[in-house]
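Here is the structure we will look at, set down as structure tokens.
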Amino acid sequence: MRFESPTPYSDTPHQIGEGIEKRVYRLPNDAAHATLEFKYENYSNEQIRGLFYFQKICHLLFPAHIVDISQSGNIPDGTGARAFARTPLIKTDADPLHSEIQNAYIAAAGDSESLTEAGSQLWDQAAAQNEQNEPVQQFLDDAIKAGIWHASDPWGPQDCIHDAAGGFTFVDTHVPWMETVDPVTGQLVKILLFYPDWLEQAISKLPAERQKPAQVFFTRLMQIYRERNIPDKSDMVYKPLTRAELEAEGY
81 MRFESPTPYS
91 DTPHQIGEGI
101 EKRVYRLPND
111 AAHATLEFKY
121 ENYSNEQIRG
131 LFYFQKICHL
141 LFPAHIVDIS
151 QSGNIPDGTG
161 ARAFARTPLI
171 KTDADPLHSE
181 IQNAYIAAAG
191 DSESLTEAGS
201 QLWDQAAAQN
211 EQNEPVQQFL
221 DDAIKAGIWH
231 ASDPWGPQDC
241 IHDAAGGFTF
251 VDTHVPWMET
261 VDPVTGQLVK
271 ILLFYPDWLE
281 QAISKLPAER
291 QKPAQVFFTR
301 LMQIYRERNI
311 PDKSDMVYKP
321 LTRAELEAEG
331 Y
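Just so you know, the sequence shown maps onto residues 81 to 331 in our numbering.
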């Protein structure tokens with residue numbers, strides 16, 4: 081499949097969302113998909129390949145609540161490589177608040193600190209609705225227990241689209257590990273943003289028709305992670321807490 085890189089802020093394709101890391105477009109020749117373009121960071125090919133398999137696993141774990149993925153890759157752009165992902169387009173007809181929030185973020189170039197007061201109020205309204213929505217909160221707890229929701233990279237209300245039947249889908253994607261310079265050694269290191277033991281256990285509990293492909297994707301994901309031959313510093317990261325654990329800690 082050939083991917084035509086969208087031009088930011090052009091008349092076509094149509095921009096439908098933006099955050100700190102990504103812009104989201106609907107391409108004129110592909111109304112069935114959303115195209116996520118990573119704005120700044122040059123991700124390694126391994127990270128972007130890993131993103132595809134990781135998102136596939138997440139969708140198999142929670143098919144009703146995490147968007148699937150169709151494609152990911154890196155496109156040379158003269159400064160390195162611009163990463164992209166393509167996911168099925170989740171319609172917002174029944175969730176006008178989501179569209180309003182995304183329009184506010186587009187106007188603020190994805191920077192939450194630059195949101196207008198009205199935009200901030202919209203975000204607060206969506207956050208309050210999700211906090212009071214028991215199925216959403218239960219899903220987030222289950223995602224933590226499955227090892228896929230990292231403490232430093234949570235989904236926010238701007239990533240959640242509600243439907244008319246009371247369901248919801250989280251539509252963001254994330255690379256499965258970060259690569260950064262160790263401040264002590266000066267070496268480039270990798271840090272997992274998921275927990276393999278927890279994730280493999282969650283996969284083992286899936287029904288057979290989802291467990292088999294999820295296990296294949298997990299094996300491939302871990303192979304790609306090992307292929308990225310730089311030091312592993314995943315032990316530097318704190319694990320997230322469920323609501324019950326947070327309450328036990330006094331939060």
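All residues carry an ideal CB built from backbone N, CA and C; glycine is no exception.
Computed from a predicted structure; not experimentally measured.
Assumed close pair residue i, residue j - CB separation to whole angstroms, cut-off 8 Å
i	j	result
Leu116	Ala165	5 Å
Gln201	Gln238	Rounded, the Cβ-Cβ distance is 13 Å, inconsistent with contact.
His113	Thr172	Not really, about 15 Å apart at Cβ, beyond 8 Å.
Gln127	Val255	4 Å
Leu140	Leu286	7 Å
Ala163	Tyr123	5 Å
Trp257	Leu279	So it is not a contact: roughly 13 Å between Cβ atoms.
Arg103	Pro93	Not a contact, Cβ separation roughly 10 Å.
Cα-Cα separation between residue i and residue j, rounded to whole angstroms
i	j	result
Ala231	Pro108	Confidence at Ala231 is low in this model, with a pLDDT of 48, below 50, so the placement of that residue should be treated as unreliable; the coordinate-derived value is given next. Cα-Cα distance, rounded: 36 Å.
Val264	Lys270	14 Å
Met81	Ala288	Bear in mind that a pLDDT of 34 at Met81, under 50, signals an unreliable position, so the model cannot answer this.
Gly99	Asp191	7 Å
Ile22	Thr196	Not covered by the structure: residue 22. The range shown for the chain is 81 to 331.
Gln151	Pro215	29 Å
Ser179	Trp235	17 Å
Ile304	Ile228	17 Å
Cys240	Gln217	12 Å
Asn154	Asn125	7 Å
Cys138	Gly97	22 Å
Ala184	Trp203	9 Å
Gln212	Glu259	35 Å
Ala388	Ala208	There is simply no residue 388 to check, as the chain begins at 81 and stops at 331 in what is shown.
Ile283	Arg300	14 Å
Arg308	Pro156	20 Å
Ile129	Gln281	For the sequence presented, residue 129 should be read as Arg rather than Ile. Going by the C-alpha atoms only, they are around 23 Å apart.
Asp312	Gly266	14 Å
Buried/exposed call for residue i, threshold 16 Cβ in 10 Å
i	result
Lys306	This sequence places Arg at residue 306; Lys is not what is there. With fewer than 16 other Cβ atoms within 10 Å, it is exposed.
Glu193	exposed
Asp175	buried
Met210	First, the amino acid is wrong: residue 210 is Asn here, not Met. Buried, by the Cβ-count rule.
Ile310	exposed
Gly199	buried
Gln135	buried
Ala206	buried
Residue from the options whose Cα sits closest to the Cα of residue i
i	options	result
Gln95	Ile170, Ile186, Pro311 and Cys138	Ile186
Leu131	Lys313, Phe298 and Pro311	Phe298
His242	Leu177, Arg106 and Glu280	Leu177
Phe118	Phe274, Thr253, Leu279 and Asp204	Thr253
Asp277	Ala184, Met302 and Glu259	Met302
Glu101	Ala111, Tyr120 and Asp110	Tyr120
Ala111	Ala282, Leu169, Asn213 and Arg308	Leu169
Ser314	Ala245, Gly266, Pro156 and Tyr275	Tyr275
Below-7 Å beta-carbon distance, residue i vs any chain C residue
i	result
Ala174	This model lacks chain C altogether, as it is built from one protein chain only.
_Segment contact, 8 Å Cβ cut-off, at least three pairs: the region 241 to 249 with the region 282 to 297_ = No contact exists between the region 241 to 249 and the region 282 to 297.
*Any contact of the region 140 to 156 with the region 214 to 233, i.e. 3+ C-beta pairs under 8 Å?*
The answer is yes - the region 214 to 233 touches the region 140 to 156, with three or more Cβ pairs under 8 Å.
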